[in-house]
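Protein chains: 2
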Amino acid sequence: MAKPSARERILGSYEVILADRGPAEITLDAVAAHAGVSKGGLLYHFGSKDALRDGLLERLERLTDDDLERARTAPEGVVRYYLRSAITDVTSDLALHRTTMAAIRLVLNDPTAAEVSRRCTERTRELMLEHVEDRLTAELVMLVGEGLYMRAALGEEATESLLAQIDEIADRIEAGAPAKATIAAGHRKN
Amino acid sequence: MAKPSARERILGSYEVILADRGPAEITLDAVAAHAGVSKGGLLYHFGSKDALRDGLLERLERLTDDDLERARTAPEGVVRYYLRSAITDVTSDLALHRTTMAAIRLVLNDPTAAEVSRRCTERTRELMLEHVEDRLTAELVMLVGEGLYMRAALGEEATESLLAQIDEIADRIEAGAPAKATIAAGHRKN
DNA sequence: TTTCTTATACCGTCCAGACGGTACAGTTTC
DNA sequence: GAAACTGTACCGTCTGGACGGTATAAGAAA
Chain A
1 MAKPSARERI
11 LGSYEVILAD
21 RGPAEITLDA
31 VAAHAGVSKG
41 GLLYHFGSKD
51 ALRDGLLERL
61 ERLTDDDLER
71 ARTAPEGVVR
81 YYLRSAITDV
91 TSDLALHRTT
101 MAAIRLVLND
111 PTAAEVSRRC
121 TERTRELMLE
131 HVEDRLTAEL
141 VMLVGEGLYM
151 RAALGEEATE
161 SLLAQIDEIA
171 DRIEAGAPAK
181 ATIAAGHRKN
Chain B
191 MAKPSARERI
201 LGSYEVILAD
211 RGPAEITLDA
221 VAAHAGVSKG
231 GLLYHFGSKD
241 ALRDGLLERL
251 ERLTDDDLER
261 ARTAPEGVVR
271 YYLRSAITDV
281 TSDLALHRTT
291 MAAIRLVLND
301 PTAAEVSRRC
311 TERTRELMLE
321 HVEDRLTAEL
331 VMLVGEGLYM
341 RAALGEEATE
351 SLLAQIDEIA
361 DRIEAGAPAK
371 ATIAAGHRKN
């Protein structure tokens, strides 16, 4: 990967600036400069700022699907895989994490772009539901994960100390879940 | 209450636009129009856009402190109070919620303003630590709450169905905590 | 083999409009 | 009569985006 295509580089710069400096500082000039490309060059690949946004969201969806596939086959199970990556990603340089951070910033800046992000969450939730005993467990795992992403987005230090406690977290969250066969002994919603 | 001062109205409009439409659409003109005030009038009260931001963050800090005081004396306990308001606030029109949403959008747009928000989180965490048995419990409660705020900020529908499950959520999270006192049995107060 | 054509991948400049902010004179409200 | 505005006019800067030009390489045509 000595030389990623200019297009990829531009998209990467877009993400980095979004994730590190926030939407307030994202301009075509800034992206072009960071990517080592002229503004004209940038506009050759992405005809508008909106196209840049669409490119990011597209990438987010692709990377998320890849990650869900990895989660599905993770030996530790979906719950622990999800929690682990929500914690680890904060410091790791996984492409998905950077893309996610950028997307969060983007969507919170301009709520009209929220659909893709919602779709990604929804798919994660579906996968989670297939792998836990009840709805509440899935909900809590998701919420803890979203909390971690929130912290990362707010620029708080990584909570790496949680890494060693993943098993305990998962155990606690699953603690009250009904045993395998039946769903929720009191309330079920449709 | 029939007529809040123009200053308060302006700040309110600033919050509403931030929370509903996002930082991308916040301009002095938009705020002035929404508040029913001329641009000159706006600038009379807030000499610059930054002053508007500072006003919001100041209000956030004040409302947060008020809320922490309420949490401290809530009969259901800090944990349940915190979870309940993180769920309820999504739909309720409490001033704190709107201010928080606006602040989240603001901070994620311009990370340099993150300090106040961090301070509020820190104070909440401290209170939480005083009222739970161990660190992990506090951490999980906070994370679930932050997850809920994240969802609200992303514009997802309120998870009101969780309201009925607050006790179960709290029980699960506290499940593995070293038992200093009876926790799961009933509401514990301090 | 040289020339012409076409496609791709850019560069650099320019411009209209938006935005933050200033200035200030006039008007209403307390 | 002061404080709290309104309204208008204006300025400098930044930004997105349009546009025309350039370099290069690969084929097709002569």
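If you read the protein sequences in the order shown, they are chains A and B. Using the working numbering, you'd call the opening residue of the first sequence number 1 and step up by one each time. Using the working numbering, you'd call the opening residue of the second sequence number 191 and step up by one each time. Backbone N, C-alpha and C define an ideal beta-carbon position, used for all residues, glycine too. All values reported here derive from a predicted model rather than from experimental measurement.
query, result
"With DSSP run on the structure shown, which of helix, strand or coil describes Pro265/B?", "coil"
"Which residues in chain A sit within 7 Å of Asp361/B, going by Cβ to Cβ distance?", "Gly176"
"Would a check of beta-carbon distances place Pro75/A closer than 9 Å to chain B?", "no"
"Under three-state DSSP, which class holds Ala175/A?", "coil"
"Closest to Arg270/B by CA distance: which of Thr327/B, Leu232/B, Arg341/B is it?", "Thr327/B"
"Suppose contacts are defined by Cβ-Cβ distances below 9 Å. Is Val141/A in contact with Leu94/A by that definition?", "no"
"Look up Thr99/A in the DSSP assignment and say whether it is helix, strand or coil.", "helix"
"In chain A, what lies closer than 8 Å to Glu358/B by C-beta?", "Leu136, Gly176"
"Hey, is Thr121/A's beta-carbon within less than 9 Å of any beta-carbon in chain B?", "yes"
"Does the region 152-160 of chain A come close enough to the region 291-301 of chain B to have 3 or more Cβ pairs within less than 8 Å?", "yes"
"Check Asp110/A in the structure and name its three-state DSSP category.", "coil"
"By Cβ distance, which residues of its chain are closer than 7 Å to Glu320/B, with the 5 residues on each side in sequence left out?", "none"
"Using only the alpha-carbon positions, how far apart do Glu139/A and Val268/B sit?", "21 Å"
"Sorted by chain position, which residues of the same chain lie with C-beta nearer than 6 Å to Arg199/B's C-beta, five sequence neighbours on each side aside?", "Ala225"
"Do the CB positions of Tyr44/A and Val31/A come within less than 9 Å of each other?", "no"
"Just the Cα atoms here: how many angstroms apart are Glu312/B and Asp255/B?", "11 Å"
"Within 9 Å of any Cβ in chain A, is that where the Cβ of Ala214/B sits?", "yes"
"For chain A, check one thing: does any of its Cβ atoms lie closer than 9 Å to the Cβ of Asp210/B?", "yes"
"Determine the burial state of Ser275/B: buried for a count of at least 16 other Cβ atoms within 10 Å of its Cβ, exposed for fewer.", "buried"
"Quick one: is Thr27/A buried, meaning 16 or more other Cβ sit within 10 Å of its Cβ, or exposed?", "exposed"
"Quick one: what's got a C-beta closer than 8 Å to Arg125/A's C-beta in the same chain, skipping five residues either side?", "Ala138, Met142"
"Going by DSSP, what residue range makes up the alpha helix (DSSP H) through Ala35/A?", "28-35"
"Would you say Leu253/B and Thr289/B are within 9 Å of each other, going by their C-beta atoms?", "yes"
"Measure from the alpha carbon of Asp20/A to the alpha carbon of each residue in Gly212/B, Asp300/B, Gly245/B, then state which is nearest.", "Asp300/B"
"Can you check whether the CB of Leu201/B is closer than 9 Å to the CB of Leu258/B?", "no"
"Have a look at Ile169/A, Glu168/A, Gly176/A, Leu162/A and flag the residue whose alpha-carbon is nearest the alpha-carbon of Glu358/B.", "Gly176/A"
"For Glu215/B and Glu76/A, what's the separation of their Cα atoms in angstroms?", "44 Å"
"Pull up the CB-CB distance for Glu336/B and Gly147/A, whole angstroms please, since I reckon it's below 8 Å.", "4 Å"
"Go to Leu140/A, then tell me how far its alpha helix (DSSP H) extends in each direction, as first and last residue.", "135-153"
"Counting only the same chain and skipping the five closest in sequence on each side, list residues whose C-beta sits under 6 Å from that of Glu174/A.", "Thr137"
"For Arg105/A and chain B, any beta-carbon pair shorter than 9 Å?", "yes"
"Determine the closest residue to Arg135/A out of Ser351/B, Arg249/B, Leu286/B, Thr302/B, with distance taken between C-alpha atoms.", "Ser351/B"
"Who are the neighbours of Ala153/A on chain B, taking C-beta pairs under 7 Å?", "Leu298"
"Leaving out the 5 sequence neighbours to the left and right, which residues in its chain are closer than 7 Å to Ser307/B when beta-carbon positions are compared?", "Ala293, Val297"
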